[in-house]
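Sequences listed follow chains A and B, in order. Taking my numbering as reference, the numbering of the first sequence is continuous, increasing by one, and the terminal residue is 284. Taking my numbering as reference, the numbering of the second sequence is continuous, increasing by one, and the terminal residue is 284. We put the CB at the ideal spot given by N, CA and C, even for glycine. Treat the numbers as computed from the prediction; the structure is a model and nothing was measured. So the structure is just underneath, and the comments pick up after that.
Number of protein chains: 2
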Amino acid sequence: MTTQGGGLHARVLERLGPAITEGQYPAGSVLRTDELAQRYEVSRSVMREAVRVLESMHLVASRRRVGVTVLPAEEWNVYDPQVIRWRLAGADRPRQLRSLTVLRSAVEPVAAGLAARHATSAQCAELTENALGMVAHSRGHRLEGYLRHDIAFHRVVLRASGNEMFARLGDVVAEVLSGRTHHQVMFHDPDPAAVTLHVRLAEAVRERDAGRAEALTREITIGALQELDILDPPPAAPAGS
Amino acid sequence: MTTQGGGLHARVLERLGPAITEGQYPAGSVLRTDELAQRYEVSRSVMREAVRVLESMHLVASRRRVGVTVLPAEEWNVYDPQVIRWRLAGADRPRQLRSLTVLRSAVEPVAAGLAARHATSAQCAELTENALGMVAHSRGHRLEGYLRHDIAFHRVVLRASGNEMFARLGDVVAEVLSGRTHHQVMFHDPDPAAVTLHVRLAEAVRERDAGRAEALTREITIGALQELDILDPPPAAPAGS
DNA sequence: GGGAACAAAAAGTCAGACTTTTATGTCACA
DNA sequence: TGTGACATAAAAGTCTGACTTTTTGTTCCC
Numbered sequence: 044m045t046t047q048g049g050g051l052h053a054r055v056l057e058r059l060g061p062a063i064t065e066g067q068y069p070a071g072s073v074l075r076t077d078e079l080a081q082r083y084e085v086s087r088s089v090m091r092e093a094v095r096v097l098e099s100m101h102l103v104a105s106r107r108r109v110g111v112t113v114l115p116a117e118e119w120n121v122y123d124p125q126v127i128r129w130r131l132a133g134a135d136r137p138r139q140l141r142s143l144t145v146l147r148s149a150v151e152p153v154a155a156g157l158a159a160r161h162a163t164s165a166q167c168a169e170l171t172e173n174a175l176g177m178v179a180h181s182r183g184h185r186l187e188g189y190l191r192h193d194i195a196f197h198r199v200v201l202r203a204s205g206n207e208m209f210a211r212l213g214d215v216v217a218e219v220l221s222g223r224t225h226h227q228v229m230f231h232d233p234d235p236a237a238v239t240l241h242v243r244l245a246e247a248v249r250e251r252d253a254g255r256a257e258a259l260t261r262e263i264t265i266g267a268l269q270e271l272d273i274l275d276p277p278p279a280a281p282a283g284s
Numbered sequence: 044m045t046t047q048g049g050g051l052h053a054r055v056l057e058r059l060g061p062a063i064t065e066g067q068y069p070a071g072s073v074l075r076t077d078e079l080a081q082r083y084e085v086s087r088s089v090m091r092e093a094v095r096v097l098e099s100m101h102l103v104a105s106r107r108r109v110g111v112t113v114l115p116a117e118e119w120n121v122y123d124p125q126v127i128r129w130r131l132a133g134a135d136r137p138r139q140l141r142s143l144t145v146l147r148s149a150v151e152p153v154a155a156g157l158a159a160r161h162a163t164s165a166q167c168a169e170l171t172e173n174a175l176g177m178v179a180h181s182r183g184h185r186l187e188g189y190l191r192h193d194i195a196f197h198r199v200v201l202r203a204s205g206n207e208m209f210a211r212l213g214d215v216v217a218e219v220l221s222g223r224t225h226h227q228v229m230f231h232d233p234d235p236a237a238v239t240l241h242v243r244l245a246e247a248v249r250e251r252d253a254g255r256a257e258a259l260t261r262e263i264t265i266g267a268l269q270e271l272d273i274l275d276p277p278p279a280a281p282a283g284s
């Protein structure tokens, strides 16, 4: 899954990109193409191609007479799958996982509602199939199998929404779920309540109940938020203070 | 606003990119770098850099001995601002505008809820300021001024949410709103109800009322959906059939 | 002290030679 | 007739070196 592109420029990118997102070159740092080419032992043309790609991701900006400047993180194309991958592999993985989970909590309920309207019967079948797969792997530390069905399930929902912007978030959700399983506290079996919610969601979509599909998905994503301690700070009942 | 990058490769990109998103080269088409270099009258190195950027956007894939293949639209990085711009400028602008508006309707309410919790007082001030600006320009065909404040308003909401993924959608929302004003049926003055909603939203954020902020934003985005005739098909009251 | 000419630094561009991969066609052999 | 190995060629990939252009910073003169 590591996109080990054969191209020489791609190999450079896989080292230079993470170095930037990691903060190894802080915003404002100036790099020179020639020096980079020497450091990574490639020709200038190859390094130029790599820099062009970084530039298209808004990670750097190249200006004559000054060099290749690292841009502040607010400028980065944070929706670029490659950037997401680099950041998830790096030091601020937790922060990244949180912001992506919040994005999920906004997008998925709406996507599920649309899926209930637009899903084909084949997609409905995929949904129930994966939900049952989740049930089957929900006990006895069969986490890998559970994860596989969980990812597939959400991917189908997003695709079935019929909205291309939602559909393209399938990879992002996959990364989040995978990160949750592999790097988060998930010693014990998945929450049975979550499993049930998925089964009921598949049901709701099949029955074309958009409202219920949306509500159920909202419950699922709220669970995901709670796991990361992204909780609504209770309205601070003004008793003590 | 056209990102007229001085680089020669950027100028090529501004012609070749739209040609692809336009469908001028259908998915599966094979281009050859040398031929493209001749056609656009640049050296191969420049064309190679352009192709590398297109490749990073997943618009094309380059393979030895076969050439540069145009990828199907499902593969494209549809969140890349440049791709969004190209598609909005092209033939399927309406479809693009719809899918982006649906995305808005999912993201903005949640963002507004978060903004109510995290907004600084400076951001609250910006919000009310822009809401009042909208009111001031809501009558007498002062559409440009209205649009300016509308864009600024939503940008502040997204930034104030504190979530970087939301914040980066500011440009997208700006494009959508701008497209709505310039290319959609908007002869007459903006809907007074929408203006009021913005004023009340600024109020809700200032008062830290997350629930109300979210609900108000939901009303705003529902209005945007209705303008594009993306309406809930009513549950087909089973009377006749 | 301020403005204009100048010098240098770095990216940008180009052309050409060479390498590597790989799809395809050919030919012999079963 | 089919199948495998091998040869061929086409296209991307890589490298190098020379040249151009832009931009910044300095210096020098008024």
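**Q.** Distance between B:Gln-81 and A:Val-126 (C-alpha atoms, nearest Å)
**A.** Whole-angstrom Cα-Cα distance: 33 Å.
Q.
With three or more beta-carbon pairs closer than 8 Å as the criterion, would you say the stretch 241-258 of chain A touches the stretch 128-141 of chain A?
A. No, they do not touch.
Q: From the DSSP output, in three-state form, read off B:Ala-247 for me.
A: B:Ala-247: helix per DSSP, three-state reduction.
(Q) Looking at the strands, I want to know which residues DSSP matches up with B:Ser-105. (A) According to DSSP, which records beta bridges pairwise, B:Ser-105 is partnered with B:Val-111.
Q.
Could you check whether the stretch 110-123 of chain A touches the stretch 163-177 of chain A, counting it as contact only if at least three pairs of C-beta atoms, one from each stretch, sit closer than 8 Å?
A. The answer is no - the stretch 163-177 of chain A does not touch the stretch 110-123 of chain A, with fewer than three Cβ pairs under 8 Å.
**Q.** Start and end residues, alpha helix (DSSP H) containing A:Gly-189
**A.** Looking at the sequence itself, residue 189 of chain A is Tyr, so the reference to Gly does not match. Unbroken alpha helix (DSSP H) run through A:Tyr-189: 186-203.
Q: Hey, could you find the ends of the alpha helix (DSSP H) B:Thr-76 is sitting in?
A: 76-82 is the span of the alpha helix (DSSP H), which, as asked, contains B:Thr-76.
(Q) Am I right that B:Leu-74 and B:Val-111 are in contact with their C-beta atoms under 8 Å? What's the rounded C-beta distance? (A) Indeed they touch by this definition, with Cβ atoms about 4 Å apart.
**Q.** Nearest-angstrom Cα separation, counted from A:Glu-84 out to A:Arg-54
**A.** For the pair A:Arg-54 and A:Glu-84, the Cα-to-Cα distance works out to about 11 Å.
**Q.** Amino acids of chain B, ordered along the chain, whose beta-carbon sits closer than 8 Å to that of A:His-52
**A.** Within chain B, the residues near A:His-52 are Arg-95.
**Q.** Cα-Cα separation between A:Val-238 and A:Leu-201, rounded to whole angstroms
**A.** So the alpha carbons of these two residues sit roughly 18 Å apart.
Q. How should A:Gly-183 be labelled, buried or exposed, when 16 other C-beta atoms within 10 angstroms of its C-beta is the threshold for buried?
A. Classification of A:Gly-183: exposed, given that the 10 Å Cβ count is below 16.
Q: Taking B:Asn-173 as part of the alpha helix (DSSP H), name the residues at either end of that continuous run.
A: Under the DSSP assignment, B:Asn-173 falls in the alpha helix (DSSP H) whose first and last residues are 164-179.
Q. Which whole-angstrom value is the C-beta distance of B:Pro-124 and B:Thr-264, which I expect to be below 8 Å?
A. The C-beta distance from B:Pro-124 to B:Thr-264 rounds to 21 Å, too long to fall under 8 Å, and the pair is not in contact.
Q: May I have the straight-line CA-CA distance separating B:Leu-157 from A:Gln-67, to the nearest angstrom?
A: B:Leu-157 and A:Gln-67: Cα-Cα distance of roughly 31 Å.
Q. Helix, strand or coil for B:Val-242 per DSSP?
A. Look at B:Val-242 here: in three-state DSSP terms it is helix.
Q. From what residue to what residue does the alpha helix (DSSP H) around B:Asp-123 run?
A. No alpha helix (DSSP H) holds B:Asp-123; DSSP gives it neither H nor E.
**Q.** Residue(s) in a DSSP beta bridge with B:Val-145
**A.** The secondary-structure analysis by DSSP pairs B:Val-145 with nothing; it has no beta-bridge partner.
Q | Range covered by the alpha helix (DSSP H) that runs through B:His-52 | A | 51-64 is the span of the alpha helix (DSSP H), which, as asked, contains B:His-52.
Q) Is A:Glu-218 closer than 8 Å to A:Leu-102 when the C-beta atoms are compared? A) At a Cβ-Cβ threshold of 8 Å, A:Leu-102 and A:Glu-218 do not count as neighbours.
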